[in-house]
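Mapping of the sequence shown onto the numbering used here: residues 677 to 763, in sequence order.
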Amino acid sequence: MQVWLRTLHVTELGVALLDGGVLTTMFFKGIAAMYVNVLPCLWALGVAFMVMLLFSLSCAFYRLKSIFFSSGLLLVTGICWVTLMNG
Numbered sequence: 677m678q679v680w681l682r683t684l685h686v687t688e689l690g691v692a693l694l695d696g697g698v699l700t701t702m703f704f705k706g707i708a709a710m711y712v713n714v715l716p717c718l719w720a721l722g723v724a725f726m727v728m729l730l731f732s733l734s735c736a737f738y739r740l741k742s743i744f745f746s747s748g749l750l751l752v753t754g755i756c757w758v759t760l761m762n763g
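Here it is in structure tokens:
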């Protein structure tokens, strides 16, 4: 169980950094700046979303705090992904 929780925390940190980078670039340089490297960003956000979904569901009954944090990260990652897809 400890391995799952550590993996969840490392994954949450990685996804939070990815989301932060995407949001910072969108806010300060505009959404158009993201389209230079949009495909890697979409792949990264999609993979991050699926991994976070998997880990948040697997730890759902163990840590309530992690559920809320993971849900927030899932929401932000999904918003970033949809924003990049729609332009």
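For glycine and all other residues, C-beta sits at the position ideal for the given N, C-alpha and C. All figures in this text were calculated on a predicted structure; none of them were measured in a lab.
Here Gly722 has Trp757 as same chain residues with Cβ atoms under 7 Å from its own Cβ, once five neighbours each way along the sequence are excluded.
Going by beta carbons, Thr759 and Val727 fall outside the 8 Å limit. Here the C-alpha atom of Leu699 lies approximately 12 Å from the C-alpha atom of Gly754. For Leu694, the CB contacts under 8 Å within the same chain, skipping 5 residues up- and downstream, are Ala720, Leu721, Ala724 and Thr753 in chain order. Contact check for Leu749 and Ala692: beta-carbon distance about 6 Å, within the 8 Å limit, so the pair qualifies.
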